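Below you'll find the structure, written out as structure tokens, and then a few comments.
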């Protein structure tokens, strides 16, 4: 009798809250990443906006690499936004 193969899916969620201008800059930096579901949230307290980013993968290494890639893109976009504002 063969052993059963268990499919495991790993997921993590990242959330960011701040002003709408920066949210839009961050969103544009990560749009098109097919491994992440990104949602712009505009109903935050105090007129702020937020990003909710859900990353799913087949194993922890894959998800970690995807999150690392997203964080690098977000850091670069944030630095550029901050230097221009």
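In the numbering used here, the protein residues as written are -7 to 77. All C-beta atoms in this analysis are idealised placements derived from N, C-alpha and C, irrespective of residue type, glycine included. All of these numbers come straight from a predicted model, not from anything done at the bench.
For residue j and residue i, believed in contact at Cβ under 8 Å, the rounded distance
{"i": "residue 2", "j": "residue 51", "result": "6 Å"}
{"i": "residue 59", "j": "residue 4", "result": "6 Å"}
DSSP bridge partner residues for residue i (one or two, in chain order)
{"i": "residue 41", "result": "10"}
{"i": "residue 31", "result": "44"}
{"i": "residue 2", "result": "49"}
Sequence-distant residues of the same chain with beta carbon closer than 8 Å to residue i, five excluded per side
{"i": "residue 62", "result": "6, 22, 25, 28, 45 and 47"}
{"i": "residue 55", "result": "2, 3, 4, 47, 48 and 49"}
Under 8 Å between C-beta atoms of residue i and residue j
{"i": "residue 42", "j": "residue 33", "result": "yes"}
{"i": "residue 74", "j": "residue 40", "result": "no"}
{"i": "residue 18", "j": "residue 72", "result": "no"}
Proximity test, Cβ basis, 8 Å: residue i and chain C
{"i": "residue 16", "result": "Chain labels in this structure do not include chain C; a single protein chain is all it has."}
Residue i versus residue j: straight-line alpha-carbon distance, rounded
{"i": "residue 68", "j": "residue 0", "result": "32 Å"}
{"i": "residue 16", "j": "residue 76", "result": "14 Å"}
{"i": "residue 64", "j": "residue 14", "result": "16 Å"}
{"i": "residue 35", "j": "residue 53", "result": "33 Å"}
Nonlocal neighbours in the same chain, by C-beta distance under 7 Å from residue i, ignoring five residues either side
{"i": "residue 66", "result": "18, 21 and 22"}
Close-in-space but distant-in-sequence residues of the same chain around residue i (CB under 6 Å, 5 per side omitted)
{"i": "residue 57", "result": "none"}
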